[in-house]
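Participant:
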Amino acid sequence: MIDEVMGAEPMRADQALSVPEDDHRRAAATPPLKEDGAELDELLQESGGESIDRADVIGEGARWFAGWCLRFLIVCAALFVAFTALGKVWAGLLPVLLALIVATVLGPPAAFLIRHKWPDALAALISLLGAIGIVSGVIALIAPTVRSQLPHLKEQFTSGIVELQSVLQGPPFNVEDEQLLDLLDQATNWMQERSGDIANTVFQGISVVGSVTVTLVVMLVLTFFFIKDGRHFLPWLRSITGRRLGWHLTEVLTRSWDTLGGFIRTQALVSFIDAVFIGLGLWLLDVPLALVLAVITFFAGFIPIVGAFTAGFIAVVVALVANGMTTAILVLVLIVVVQQVEGNILSPMLQSKAMNLHAAIVLLSVTLGGTMFGIIGAFLAVPVAAMIAVWLRYLGDLTDLRTGDKTAADIKFATEAGSISGLQTEAAGRAMRDRLTALRLGGGKNTDPKKGANHTAEADSVAASTAAPTTTAAANDPLASSDDAGVTTTAFGRISSAVTGRFRKR
Numbered sequence: 001m002i003d004e005v006m007g008a009e010p011m012r013a014d015q016a017l018s019v020p021e022d023d024h025r026r027a028a029a030t031p032p033l034k035e036d037g038a039e040l041d042e043l044l045q046e047s048g049g050e051s052i053d054r055a056d057v058i059g060e061g062a063r064w065f066a067g068w069c070l071r072f073l074i075v076c077a078a079l080f081v082a083f084t085a086l087g088k089v090w091a092g093l094l095p096v097l098l099a100l101i102v103a104t105v106l107g108p109p110a111a112f113l114i115r116h117k118w119p120d121a122l123a124a125l126i127s128l129l130g131a132i133g134i135v136s137g138v139i140a141l142i143a144p145t146v147r148s149q150l151p152h153l154k155e156q157f158t159s160g161i162v163e164l165q166s167v168l169q170g171p172p173f174n175v176e177d178e179q180l181l182d183l184l185d186q187a188t189n190w191m192q193e194r195s196g197d198i199a200n201t202v203f204q205g206i207s208v209v210g211s212v213t214v215t216l217v218v219m220l221v222l223t224f225f226f227i228k229d230g231r232h233f234l235p236w237l238r239s240i241t242g243r244r245l246g247w248h249l250t251e252v253l254t255r256s257w258d259t260l261g262g263f264i265r266t267q268a269l270v271s272f273i274d275a276v277f278i279g280l281g282l283w284l285l286d287v288p289l290a291l292v293l294a295v296i297t298f299f300a301g302f303i304p305i306v307g308a309f310t311a312g313f314i315a316v317v318v319a320l321v322a323n324g325m326t327t328a329i330l331v332l333v334l335i336v337v338v339q340q341v342e343g344n345i346l347s348p349m350l351q352s353k354a355m356n357l358h359a360a361i362v363l364l365s366v367t368l369g370g371t372m373f374g375i376i377g378a379f380l381a382v383p384v385a386a387m388i389a390v391w392l393r394y395l396g397d398l399t400d401l402r403t404g405d406k407t408a409a410d411i412k413f414a415t416e417a418g419s420i421s422g423l424q425t426e427a428a429g430r431a432m433r434d435r436l437t438a439l440r441l442g443g444g445k446n447t448d449p450k451k452g453a454n455h456t457a458e459a460d461s462v463a464a465s466t467a468a469p470t471t472t473a474a475a476n477d478p479l480a481s482s483d484d485a486g487v488t489t490t491a492f493g494r495i496s497s498a499v500t501g502r503f504r505k506r
């Protein structure tokens with residue numbers, strides 16, 4: 001398809017960037033590079049060995065520092081405006097973010113159905129209903145177990161209260177019946193005095209439940225549309241932004257999508273490991289509802305901080321009611337150990353590998369996100385940090401291509417468009433470096449004020465001979481300056497054909 005757009009005949013990958021014969025002649029005519037020592041001697045002779053005033057050096061350093069301080073202040077101001085705007089639209093943005101996360105999980109099965117000629121809407125609907133059916137099936141599976149053991153738990157709860165009362169009345173507490181009655185009266189009076197606050201809390205809880213329900217419904221609807229029309233988003237984006245920027249966005253957004261999917265799969269793996277170890281420990285301690293508590297632990301693992309605390313609290317309460325204080329303490333120790341190992345060692349390690357982030361960055365992201373934005377911030381901190389890292393890493397790859405530190409073959413691109421953009425950026429960077437080399441090696445000084453005192457006559461001839469007559473690779477690279485030249489439209493077509501052929505062979 002890209003061949004048709006570019007209008008170029010396919011060529012082999014080794015011919016995509018073949019250097020024309022004129023370029024070989026110009027390279028042979030270019031003066032050889034001087035050794036560092038000889039070039040330094042020339043510079044010293046030109047400067048006459050005169051020293052530079054300290055004030056000039058200090059002033060230059062101060063200007064450099066002031067410039068970076070100004071950039072830092074501008075970045076801080078932009079972040080402040082962005083966070084302020086984010087807070088204003090957070091209620092509407094949250095279901096969008098959650099829908100994107102769910103779509104990364106349900107997208108692959110929907111794509112499988114679409115490849116087998118299923119309609120987009122039907123494939124998206126089946127994937128969404130299948131996920132809802134799996135969750136409902138798990139709940140239906142554990143419901144009979146809960147129903148059958150509830151009467152037994154009620155009896156154990158009553159006996160547990162009696163046992164707790166006897167423990168308090170014995171040594172070392174030695175609490176008498178009158179003291180227990182006084183404590184109950186104080187608790188009753190405290191609740192009566194704060195009945196208004198309790199009612200407000202209940203109403204706030206109902207409001208939160210309603211808000212969560214609305215967010216959940218909107219999330220499901222958006223997930224359906226994201227799965228149904230997601231594959232049309234990148235072509236639409238390229239039609240809006242144009243080919244040059246669109247290919248870069250295609251590459252970086254595809255990388256971001258793959259990284260987000262890795263986060264969800266890793267989080268599911270971590271939650272599964274938590275559920276297995278905690279469920280196994282509860283079963284060994286003969287705690288009732290061990291399977292139910294393991295399932296609760298798995299789903300609660302997707303909710304940072306509060307989810308793990310809630311699941312652990314329920315397990316400890318069930319152990320206390322069913323088996324007494326000793327078992328409850330053992331369950332508490334088990335949950336604390338598993339969650340600490342998971343939160344501080346296992347989760348950062350797995351997420352760092354899945355999203356190519358250091359474990360310390362993952363841990364700090366969760367801490368910072370939870371401090372600034374609470375539960376949702378802790379949940380979204382790692383994927384947001386991973387998205388930022390993806391964009392910075394892509395910009396770093398483009399910079400390496402322009403400086404010559406890497407070639408397009410050294411970078412693993414996620415899309416065909418990214419490979420084409422990488423080859424274009426590499427060619428534009430090579431042209432820029434050749435021109436700078438010609439300027440540095442030029443002989444005579446050109447005093448034309450429009451070109452600057454350091455422009456050389458030889459550089460004029462080299463630049464004129466290397467300039468492309470029409471469209472250049474730099475024109476197809478948004479990071480290239482308007483002066484970058486050296487690759488003609490024909491070379492651009494060869495790049496597209498070579499990359500297309502390479503991806504077709506895959």
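FYI, the numbering for the sequence shown is 1 to 506, going by full-length UniProt numbering. Note that beta-carbon positions come from the ideal geometry of N, C-alpha and C, so glycine has one too.
1) Is the distance from the Cβ of G301 to the Cβ of D274 below 7 Å?
2) Suppose you measure from the CA of H232 to the CA of G312; what does that come to, to the nearest Å?
3) Leaving out the 5 sequence neighbours to the left and right, which residues in its chain are closer than 6 Å to A290 when beta-carbon positions are compared?
4) Alpha carbon to alpha carbon, what distance is there between N174 and A187?
5) According to the Cβ coordinates, are V381 and L357 closer than 7 Å?
6) Once DSSP output is grouped into helix, strand and coil, what is the label at R25?
7) Under 7 Å between the Cβ atoms of L260 and P383?
8) Where do the N-terminal and C-terminal ends of the alpha helix (DSSP H) with residue 508 fall, by residue?
9) Taking contact to mean at least 3 C-beta pairs separated by less than 8 Å, is the stretch 419–427 in contact with the stretch 390–410?
10) For H248, which three-state DSSP category applies?
11) According to DSSP, is D53 part of a helix, a strand, or is it coil?
12) Measure the Cβ-Cβ separation of V362 and R255 and say whether it is below 7 Å.
13) For T223 versus V337, is the C-beta distance shorter than 7 Å?
14) Once DSSP output is grouped into helix, strand and coil, what is the label at N446?
15) Mind checking which residues open and close the alpha helix (DSSP H) that includes L439?
16) Among the candidates L125, T407, A124, A99, whose CA atom is the shortest distance from the CA of A430?
17) Return the CA-CA distance between E416 and I264, expressed in angstroms with no decimal places.
18) Ends of the alpha helix (DSSP H) at W190?
19) Under a three-way DSSP split, which group does K406 fall into?
20) Taking 7 Å as the cut-off, decide whether the C-beta atoms of L332 and V318 are in contact.
21) If you scan the stretch 63–117 from start to end, which runs of the alpha helix (DSSP H) of 4 or more residues do you find wholly inside it?
22) Near G422, what residues of its chain come up, given a Cβ to Cβ distance below 7 Å and the 5 sequence neighbours on each side ignored?
23) Rounded to whole angstroms, what's the CA-CA distance from P95 to F72? Just pull it up for me.
24) Are the CB atoms of I114 and A121 nearer to each other than 7 Å?
25) In or out: T371 buried (at least 16 other Cβ within 10 Å) or exposed?
26) So, with DSSP's three-state summary, where would you put V384?
27) Flag this pair as yes or no: are the beta carbons of V292 and V138 separated by less than 7 Å?
28) Let me know the secondary structure DSSP gives K412 once reduced to three states.
29) Using a Cβ-Cβ cutoff of less than 8 Å, which residues in the same chain neighbour I376 once the five nearest sequence positions on both sides are dropped?
30) Tell me the rounded alpha-carbon separation between L249 and T310.
31) Using beta-carbon positions only, say whether L285 and T326 come within less than 7 Å of one another.
32) Classify D434 as buried or exposed, calling it buried when 16 or more other Cβ atoms lie within 10 Å of its own Cβ.
33) Alpha carbon to alpha carbon, how far is K117 from F379? Give it in angstroms, no decimals.
34) Within 10 angstroms of the Cβ of D56, are there 16 or more other Cβ atoms? Answer buried if so, exposed if not.
Facilitator: In terms of the structure at hand:
1) Indexing the sequence shown from 1 puts residue 301 at position 301. Indexing the sequence shown from 1 puts residue 274 at position 274. Yes, they are a contact pair.
2) Along the sequence shown, one-based indexing puts residue 232 at 232. Along the sequence shown, one-based indexing puts residue 312 at 312. Each residue's Cα considered, the two are about 43 Å apart.
3) Here residue 290 corresponds to residue number 290 of the sequence shown, with the count starting at 1. G279, L282, W283, listed in sequence order.
4) As a first step, residue 187 is located in the sequence shown; it is residue number 187 there, counting from the start. As a first step, residue 174 is located in the sequence shown; it is residue number 174 there, counting from the start. Going by the C-alpha atoms only, they are around 20 Å apart.
5) The residue given as residue 381 occupies position 381 in the sequence shown. The residue given as residue 357 occupies position 357 in the sequence shown. What sits at residue 381 in the sequence shown is Ala, not Val. Contact flag unset, no.
6) On the sequence shown, position 25 is the one that residue 25 refers to. Caution is warranted here: a pLDDT of 44 is assigned to R25, below 50, making its placement in the model unreliable, and the coordinate value is therefore given only provisionally. Looking at R25 - three-state DSSP - the assignment turns out to be helix.
7) Taking the first residue of the sequence shown as 1, we reach residue 260 at position 260. Taking the first residue of the sequence shown as 1, we reach residue 383 at position 383. Against a cut-off of 7 Å, the Cβ pair of P383 and L260 comes out as a contact.
8) The question about residue 508 has no answer, for the chain in this structure spans 1 to 506.
9) yes
10) For the purposes of this step, residue 248 is taken as the residue at position 248 of the sequence shown. In this structure, H248 counts as helix in the three-state DSSP scheme.
11) Numbered from its first residue, the sequence shown carries residue 53 at position 53. DSSP places D53 in coil when its eight states are reduced to three.
12) In the sequence shown, counting from the first residue as 1, residue 362 sits at position 362. In the sequence shown, counting from the first residue as 1, residue 255 sits at position 255. No, they are not a contact pair.
13) Counting from 1 along the sequence shown, the entry for residue 223 is found at position 223. Counting from 1 along the sequence shown, the entry for residue 337 is found at position 337. No, they are not a contact pair.
14) Here residue 446 corresponds to residue number 446 of the sequence shown, with the count starting at 1. A caution first: N446 carries a pLDDT of 46, below 50, which makes its placement in the model unreliable, though a value can still be read off. Looking at N446 - three-state DSSP - the assignment turns out to be coil, as it is neither helix nor strand.
15) For this step, residue 439 is matched to residue 439 along the sequence shown. Element bounds for L439: 416–441.
16) Within the sequence shown, the letter at position 430 stands for residue 430. The sequence given here places Arg at residue 430; Ala does not occur at that position. Of the candidates L125, T407, A124, A99, the one whose C-alpha sits nearest the C-alpha of R430 is T407.
17) Your numbering for residue 416 matches position 416 in the sequence shown. Your numbering for residue 264 matches position 264 in the sequence shown. Roughly 25 Å between the two C-alpha positions.
18) For the purposes of this step, residue 190 is taken as residue 190 along the sequence shown, with counting starting at 1. Where W190 is concerned, the enclosing alpha helix (DSSP H) stretches over 177–193.
19) On the sequence shown, residue 406 is found 406 positions in, with the first residue counted as 1. Correct three-state label for K406: coil.
20) The residue given as residue 332 occupies position 332 in the sequence shown. The residue given as residue 318 occupies position 318 in the sequence shown. No, the Cβ-Cβ distance between L332 and V318 is not below 7 Å.
21) 90–115
22) The count along the sequence shown starts at 1 and reaches residue 422 at position 422. These residues qualify, in order along the chain: L401, A408, I411, F413.
23) Translated into positions along the sequence shown, residue 95 becomes position 95. Translated into positions along the sequence shown, residue 72 becomes position 72. Going from the Cα of P95 to the Cα of F72 covers about 32 Å.
24) Your numbering for residue 114 matches position 114 in the sequence shown. Your numbering for residue 121 matches position 121 in the sequence shown. No; because the gap between Cβ atoms is not below 7 Å, this pair is not in contact.
25) Here residue 371 refers to the residue found at position 371 of the sequence shown. T371 comes out exposed.
26) Counted from its first residue, the sequence shown places residue 384 at position 384. Three-state DSSP puts V384 in a helix.
27) Reading the sequence shown from its first residue, position 292 is the one you call residue 292. Reading the sequence shown from its first residue, position 138 is the one you call residue 138. It is not a contact, given that the beta carbons lie outside the stated cut-off.
28) Residue mapping note: residue 412 aligns to position 412 of the sequence shown, counting from 1. Correct three-state label for K412: coil.
29) If you number the sequence shown from 1, residue 376 lands on position 376. Only L94 meet the Cβ criterion.
30) As a working mapping, residue 249 is identified with position 249 in the sequence shown. As a working mapping, residue 310 is identified with position 310 in the sequence shown. Rounded to the nearest angstrom, the two C-alpha atoms are 41 Å apart.
31) As a working note, residue 285 is residue 285 in the sequence shown. As a working note, residue 326 is residue 326 in the sequence shown. Contact: no.
32) Stepping through the sequence shown from its first residue, residue 434 is reached at position 434. Label assigned to D434: buried.
33) Locating residue 379 in the sequence shown gives position 379, counting from the first residue. Locating residue 117 in the sequence shown gives position 117, counting from the first residue. About 36 Å.
34) Counting from one through the sequence shown, the residue named residue 56 turns up at place 56. Counting Cβ neighbours within 10 Å, D56 comes out exposed, since fewer than 16 surround it.
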